[in-house]
Amino acid sequence: MDQIQIFTDYLRQQGLKNTSQRMVILEVFLNSNLHYSTEELYLKLRKSHPRIGYATVHRTLKLLAECGLASELNFGDGQTRYEPCRGGQHHDHLVCTRCGKIIEFVEPRIEKLQEEVAERYGFKIMSHRHELYGLCSDCSVASES
Ligand SMILES: [Zn+2]
Ligand SMILES: [Zn+2]
């Protein structure tokens, strides 16, 4: 089942209308590889679709998270961010605390090690999140000079 279908079904279950604005938001969101806050996505959409309001973007992102098409991220800056769920493809994040850049990484050794830790405690991992905070390469160069 494709993502548009999943979303359309979910809206119907909730008794909500599938508006063209929601479809635009869905499309822009799914085709991005960014970690948008509501504000950022709203500002991006506003350029091409000035009639889409902030509240609609906010509500639609919430709905996308509820039906499993988006995951909510919180990097401690008080903003909820959203990224598209790419079926089964897990990744973790490096977060620059100066410029806000978010870098994605996948490290099989870390994944494997945490399985081993869980096993040691008879623990079953359902999901996990790694966020490493610091300075990205640009910012750490800037802070040295
Ligand atoms: Zn940075
Ligand atoms: Zn990510």
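Position 114 (the sequence shown) corresponds to 116 in our numbering; numbering is contiguous.
The beta carbon of each residue, even a glycine, is placed where N, CA and C say it ideally should be.
Sixteen is the threshold: since fewer than 16 other Cβ atoms of the shown chains lie within 10 Å of the Cβ of Thr21, the residue is exposed. In this structure Arg24 is buried. Its beta-carbon is surrounded by 16 or more other beta-carbon atoms within 10 angstroms. Taking the Cβ atoms as the reference, Pro86 lies roughly 7 Å from Leu71, within the contact range of under 8 Å. Here Asp4 carries a coil assignment [DSSP, helix/strand/coil]. In the three-state DSSP reduction, Cys98 falls in the strand class (E or B). Spatial neighbours of Tyr12 in its own chain (CB-CB distance under 6 Å, excluding positions within 5 residues in sequence) are listed in chain order as Cys69. Looking at Glu118, Cys141, Gly102, Ile8, the one whose alpha-carbon comes closest to that of Glu133 is Gly102. Between Tyr135 and Arg83, the gap from beta carbon to beta carbon reaches 8 Å or more. Contact between the region 43-53 and the region 26-33 is present: three or more C-beta pairs spanning the two stretches fall below 8 Å.
With distances taken between CA atoms, Asp79 lies nearest to Thr99 out of Gln91, Arg88, Thr99, Arg61. Judged by DSSP secondary structure, Ile112 falls within the alpha helix (DSSP H) whose first and last residues are 110-122. If you look at Leu134, you'll find it in the beta strand (DSSP E) that goes 133-136. Restricting attention to Leu115, Ile104, Gln5, Arg111, the CA atom closest to the CA of Leu137 is found in Ile104.
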